[in-house]
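Trainee:
Numbering (mature numbering (1 follows the signal peptide of the UniProt record, and there is no 0)), first residue to last: -35 to -1, 1 to 517.
1) Determine the direct distance from the alpha carbon of residue 478 to that of residue 248, and round the result to whole angstroms.
2) For my contact list, residue 242 and residue 214 are in at a C-beta cut-off of 8 angstroms; report their separation, rounded to the angstrom.
3) Rounding to the nearest angstrom, what Cα-Cα distance links residue 240 and residue 443 in this structure?
4) Would DSSP call residue 267 helix, strand or coil?
5) Pick from 330, 344, 337, 436: whose alpha carbon is nearest that of residue 360?
6) Can at least three beta-carbon pairs, one atom from the segment 416 to 430 and one from the segment 450 to 460, be found at a separation below 8 angstroms?
7) Quick check on residue 407: does DSSP put it in helix, strand or coil?
8) Using the Cα positions of residue 403 and residue 436, report the straight-line distance between them to the nearest angstrom.
9) Mind checking who residue 455 pairs with in its DSSP beta bridge?
10) With burial defined as no fewer than 16 other Cβ atoms inside 10 Å of the residue's Cβ, what is the status of residue 364: buried or exposed?
11) Looking only at C-alpha atoms, which of 261, 102, 398 sits nearest to residue 483?
12) So, helix, strand or coil for residue 306, using DSSP?
13) DSSP three-state label for residue 360, please.
14) Note down, one range per segment and in chain order, each beta strand (DSSP E) of at least 3 residues found wholly within the segment 61 to 120.
15) Out of 273, 322, 53, which has the shortest C-alpha to C-alpha gap to residue 298?
16) Short check: CB of residue 343 to CB of residue 367, under 8 angstroms?
17) For residue 413, write down the residues that DSSP places opposite it in a beta bridge.
18) Leaving aside the five residues before and after residue 337 along the sequence, list all residues of the same chain whose C-beta is less than 6 angstroms from its C-beta, in chain order.
19) Quick check: the segment 124 to 136 against the segment 73 to 84, are at least 3 beta-carbon pairs closer than 8 angstroms?
20) Give the secondary structure of residue 450 by DSSP, where H, G and I count as helix, E and B as strand, and everything else as coil.
21) Quick one: residues in its chain with C-beta nearer than 8 angstroms to the C-beta of residue 14, no 5 flanking neighbours on either side, listed in chain order?
22) Within the same chain, show all residues whose beta-carbon is closer than 7 angstroms to that of residue 400, passing over the 5 residues directly before and after it, in chain order.
23) Here's a check: name, in chain order, each residue in its chain whose Cβ is nearer than 6 angstroms to the Cβ of residue 428, leaving out the five neighbours to either side.
24) Can you tell me which of 431, 41, 92, 279 puts its alpha carbon nearest to the alpha carbon of residue 53?
25) Along the beta strand (DSSP E) that carries residue 126, what are the first and last residues, could you check?
26) For the beta strand (DSSP E) that contains residue 27, what are its first and last residues?
27) Put residue 396 into one of helix, strand or coil per three-state DSSP.
28) To the nearest whole angstrom, what separates the beta carbons of residue 434 and residue 470, a pair I think is in contact under 8 angstroms?
29) Please state the DSSP three-state secondary structure of residue 504.
30) Among residues of its own chain, excluding the 5 on either side of residue 281, which ones have a beta-carbon nearer than 6 angstroms to its beta-carbon?
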């Protein structure tokens, strides 16, 4: 491992200059104008005023070289008190033109205004129980070189989508098997209940909630969004709680993002944002409504996927899995994985986070905003974060504790044994973990000290990051319940790979435990990437009989 100065890793996606994503008008215009509005006025399967007819009418505006590729809008004005249930009797038409589906336009509906939980009233329900083996919405990707419109800048807001055999929303030109959904670029999915009833509290699942295959146009994808804060095609962030989706009760993974192409110039699935959703919990964020699979899967050939500030809990598989992509930039930051809105235990049935195979440049870390005293990744049946294969992960700001396995586990399962010179290959290059020798308040002072050792690659520089915990994992290794983000120290190993460190800290609370991880730069990743060791042994603060004042 080359000597290098450890750099900071940004834990939130960069804000970009606002651009217009979809222009939608609120009144019906003539067909020669830039955009039309079509109103759904009946729950009937077909005919005038039906959802099916509205999609057909919008698709009819698709033209070569014309102006009709501007976004159209479908609004709802169904008479009577809601909620109103639309039960298609066959697959709905593919969406071949940008359409904004505005469920909140239905009288009697209202957007969520609660920062936690949801007080949304959604008055439009799509029930797929009579539609056959199909997805609810299939968004077309256009025909390369034809000049024809595509639907892949469409918007879905204020809808309940349940009981479809396939996906709630399927995007892309490729044919996907029933139960697998396909996602292409630029679609906004905001303020919906996907897989639940109209209250967001009962499971009425779809086959899969969301997913993504290869790009169709032979170029890198635009940003796709699922969530509360929005970055869309370089557009503005949207922090409004009314955009939050509840994705729960579905029959497989809640969200799946992938590409079938390994060529970063023609088929890389990149730039997607999954932010501030409830995935596996009901609309309150305080009750389990599991998806029968993983919460989020980021699969082959995906890059720069941002999974931020979500609750991903109670799912039967892993909370999040990042698999098989050598392209860097995927970040999992600020999520609650295995907890409820107030830190309640709702563990996932697998690992909290699984990063495996050739996944490279993945960042996992930061606390969940609404439960700041709880470990962000907790209560999961497996490890908090499990790294397998030749995956490369930076977890230096991880908040993980009280899982069935280790807080951070580099395969094979269990605590790895440190070795001289640290010559390993494998997940995170099996970087050796630090050893904490002492942690104690300094007598007559407001400071404390943490002393330790690191055996690693000779003549290399690492950063040691420290954590507080209430308990130790089985076997005496540490967890990372509370990161100490301003408490770190760099250590450079000598020609034999030996290094030692002393960190002077602010007050150390007696009775808690200190743990640490080592971070350094990968020597094998195709791009610069940070790796993180397993957690050190945990040392009880004040249990320092030999080195009461450090290595003196």
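The beta-carbon is built from N, C-alpha and C at its ideal position, and this holds for glycine as well.
Mentor: On the basis of the supplied data:
1) Straight through space, the alpha carbons of residue 478 and residue 248 are spaced by roughly 36 angstroms.
2) That pair is no contact at about 14 angstroms.
3) Roughly 30 angstroms between the two C-alpha positions.
4) Strand at residue 267.
5) Residue 330 is the option with its Cα nearest to residue 360.
6) A contact exists between the segment 416 to 430 and the segment 450 to 460.
7) Here DSSP, grouped into helix, strand and coil, assigns residue 407 to coil.
8) Each residue's Cα considered, the two are about 17 angstroms apart.
9) Looking at the DSSP assignment, residue 455 forms a beta bridge with 428.
10) By the neighbour-count definition (other C-beta atoms within 10 Å, threshold 16), residue 364 is a buried residue.
11) The shortest Cα separation from residue 483 among 261, 102, 398 belongs to 398.
12) If DSSP states are grouped into helix, strand and coil, residue 306 belongs with coil.
13) In the three-state DSSP reduction, residue 360 falls in the strand class (E or B).
14) Listed in chain order, they are 64 to 67, 89 to 92, 102 to 104.
15) Checked all of 273, 322, 53; the closest Cα to residue 298 is 273.
16) At the C-beta level, residue 343 and residue 367 come within 8 angstroms of one another.
17) Answer is 406, 470.
18) The answer is none, since no qualifying residue turns up.
19) Note that the segment 73 to 84 does not touch the segment 124 to 136; fewer than 3 beta-carbon pairs, one per stretch, sit closer than 8 angstroms.
20) In this structure, DSSP gives residue 450 an extended state, which the three-state scheme calls strand.
21) Within the same chain, residue 14 has close Cβ partners 4, 5, 6, 7.
22) So the qualifying residues of the chain are 417, 418, 501, 502.
23) Its chain contains -30, 453, 455, 484 as the residues whose beta carbon lies nearer than 6 angstroms to that of residue 428, once the 5 sequence neighbours on both sides are disregarded; these appear in chain order.
24) Ranking 431, 41, 92, 279 by Cα distance to residue 53 puts 92 first.
25) Run containing residue 126: 125 to 127, per the beta strand (DSSP E) assignment.
26) Taken as a continuous stretch (DSSP letters only), residue 27 belongs to no beta strand (DSSP E), as it is neither H nor E.
27) Coil, per DSSP.
28) About 15 angstroms separates the beta carbons of residue 434 and residue 470, which is beyond the 8 angstroms limit, so they are not a contact pair.
29) Reduced to three states, the DSSP call for residue 504 is strand.
30) The answer, listed in chain order, is 255, 257, 314.
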